[in-house]
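Written below as structure tokens is the structure these notes are about.
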Amino acid sequence: MALDKATVAKIATLARIKLPPSEQEHLAGELSTILTWIEQLGEVDTAGVEPMSSVAAMELPMRNDEVTDGGCREKILANAPDSAGGFFTVPKVVE
Amino acid sequence: MSALTQLTIAEARAGLRGRQFSARELAEAHIAAVAAARPLNAFLAETPERALAMADAADQRLQRGEARAMEGIPLAIKDLFCTEGVLTTAGSRILDGFKPPYESTVTAKLWAAGAVMLGKANMDEFAMGSSNVTCAHGAVENPWRRRGDNRPLVPGGSSGGSAAAVAARAAIAATGTDTGGSIRQPASFCGIVGMKPTYGRCSRWGIVAFASSLDQAGPMTRSVRDAAIMLGAMAGHDPKDSTSAPVPVPDFEAALTGDIRGLKIGVPHEYRLDGMPAEIEALWQRGIDWVKAAGAEPVEISLPMTKYALPAYYIIAPAEASSNLARYDGVRFGLRVPGGSLDEMYENTRAAGFGAEVRRRVLIGTYVLSAGYYDAYYLKAQQVRTLVARDFGAAFQRCDVLLTPTAPSAAFAIGEKQDDPIAMYLNDVFTVPVNLAGLPGISVPAGLAADGLPLGLQVIGRAFDEATVLRVAEIIETAAGFTAKPAFLAGGG
């Protein structure tokens, strides 16, 4: 499928990556080439084939619902670009 | 000291236990080699002080006769593994300055086995690449050169810094991770051994996630025996990774019996690609002859879905990546680029923090998962993945392991294949199906191309049968007698 600039701009917004308009055309071309190549999967008859959800032939393990970790706020905040009063900070979201 | 940097893990183990040299001497020789390897750009961080402290602790254990499996062995650690208090960037600007407050399970196991950390190895950004050209901190150079041609070559990827460091004798061995070939292809390009274990064999906890259903950690070494020793130290069930398999870890080294009589070795005819270099075909045939001479029986088998594995991978891996990489938002760690609103901060941060290949894959992944396209792309790819796994299941009814080339070419020059993402993706045509099916695979250096570059052969096995894979790999290693060394040797010749 050929992607147009508007679609590229839309998926960039969904992915939260700022994309200058000057790059949209180039990326539309690149992504279209990749998607066209991917579409050869259409040749494969997959009717009735179960999609693989896990390659590990095992059931997800269960454990008791109890606290096994925590009490490490300082460590968690240590890598934050900005924090205050024991919290991560972000730009104001409520006017 | 250069003799110490030539040793394999098995040789160093014997030398340390026999008091021929100390862990400190071994560490010092490798610290010097890591510094001498700087022209390769194989390391993002060097940790000489930590290496010496760990070596001193190893010497104490050795003196007490309490040496563990990897006691005193100096390793390079791919920058995808979180290492407590040591810069971990996954080769990306978006993790600038990130010092994890915890240690990955695999590296914790290696330290608990006595290994010594030399530093963090460079890699393709977020492990997305086959060339180490997508590193945010500059390309890694392959220590090999084509005969009569001094152009720098790629080490392969994504574990390219690891492969270059081991090939150049800057580290005895290294950790790698393999999502579509990222251990095996650079091992082939750099003339070393690289093993991707069965999915679930090694814990993924603390490894920066790329595509969680495909990622698997493994050893990169200079011998098959070393791969067996190191895998034993890395593997094992971990409750912190729900996909880590609760199965016992066998003694992999004990599996190296040198006896493969009666084994059936599958040769997939779909791997005979049009346009594959004749010397790779010839090397593959030599490999078939070697296992036959050792008493195994080659059988022609078919993997009809081979052609579709790569396009399926390029839906599944970017889809998982777009989800995994959503966490890089400038709030909790790494880079933050301010913006007028929260969304603008996210967008500015991710635009500045992600390189071109990562951005490309996140966008593809976002697209194939977006409303209206999910069934046509992602679901279809997951169905094809089932068929790829069935192909292998049918093949293993008729044979014990598969023997294939590792990659369709030798190392290429830095800059080649840059303008064509699909040409770059084709590097992984023989390795990707193994990840889709979750199987173990190993690349063993088996010969040199006409231009003097190393070429690897791949052995693929049944799930959790690394033992047989290693056993066959050692036969190929012995028959090949690969002793060639790269042009650049940081640890001396």
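Protein chains in written order, with the working numbering: chain A, 2 to 96; chain B, 152 to 644. Even glycine gets a Cβ: it sits at the ideal position worked out from N, Cα and C. Owing to the predicted nature of the structure, the values given are computational and were not obtained by experimental measurement.
For residue 340 of chain B, the enclosing alpha helix (DSSP H) begins and ends at 335 to 341.
Following the DSSP letters along the chain, one finds residue 372 of chain B in no alpha helix (DSSP H) but inside the beta strand (DSSP E) bounded by residues 367 to 372. Residue 84 of chain A is bridged by DSSP to A:89. Looking at the DSSP output, residue 292 of chain B sits in no beta bridge, so it has no partner there. In summary, the residues of the segment 241 to 253 of chain B whose CB is separated from some CB of chain A by less than 7 Å are 249, 250, 252, in the order they occur in the chain. Secondary structure of residue 268 of chain B (DSSP, three-state): strand. Contact annotation for residue 41 of chain A against chain B: 458, 459, 462 [CB-CB distance below 9 Å, chain order]. When secondary structure is reduced to three states using DSSP, residue 399 of chain B falls in the coil class, being assigned neither helix nor strand. Close partners of residue 31 of chain A in chain B (Cβ separation under 8 Å): 511, 572. A residue is called buried once 16 or more other Cβ atoms fall within 10 Å of its Cβ, and residue 94 of chain A, having fewer, is exposed. Residue burial annotation: residue 372 of chain B is buried, with at least 16 other C-beta atoms found within 10 angstroms of its C-beta.
Take the alpha-carbon of residue 9 of chain A and the one of residue 566 of chain B: they are about 27 Å apart.
Beta-bridge analysis with DSSP links residue 448 of chain B to B:415. Nearest to residue 261 of chain B by alpha-carbon distance, out of B:286, B:246, B:324, is B:324. For the segment 50 to 74 of chain A, the set of positions with a beta-carbon nearer than 8 Å to some beta-carbon of chain B reads 50, 51, 52, 53, 54, 55, 56, 57, 58, 59, 61, 62, 64, 73 in chain order. Excluding sequence positions up to five before and after residue 486 of chain B, its CB lies within less than 7 Å of the CB of 244, 245, 247, 500, 503, 504, all in the same chain and listed in chain order.
Taken in chain order, the members of the segment 520 to 535 of chain B whose beta-carbon sits within less than 8 Å of a beta-carbon on chain A are 521, 528, 530, 531, 532, 533, 534, 535.
When Cβ-Cβ separations below 8 Å define contact, residue 475 of chain B makes no contact with chain A. Around the beta-carbon of residue 68 of chain A, fewer than 16 other beta-carbon atoms lie within 10 Å, marking it exposed. Between residue 611 of chain B and residue 484 of chain B, the alpha-carbon positions lie close to 38 Å from each other. For secondary structure counted as the beta strand (DSSP E) over 3 or more consecutive residues, the segment 219 to 292 of chain B holds these complete runs in sequence order: 225 to 229, 267 to 272. Taking residue 597 of chain B as reference, the option from B:587, B:198, B:603, B:608 with the minimal CA-CA separation is B:608. Counting along the chain, no alpha helix (DSSP H) covers residue 194 of chain B; the unbroken beta strand (DSSP E) around it starts and ends at 194 to 197.
A straight-line Cα-Cα distance of about 14 Å links residue 410 of chain B and residue 551 of chain B. By the 16-neighbour rule on beta-carbons within 10 angstroms, residue 63 of chain A is exposed. 8 Å or more divides the Cβ of residue 581 of chain B from the Cβ of residue 304 of chain B.
Shown here is that no member of the segment 548 to 564 of chain B has a Cβ falling below 9 Å from a Cβ of chain A.
In the DSSP assignment, residue 11 of chain A falls within the unbroken alpha helix (DSSP H) covering 6 to 15.
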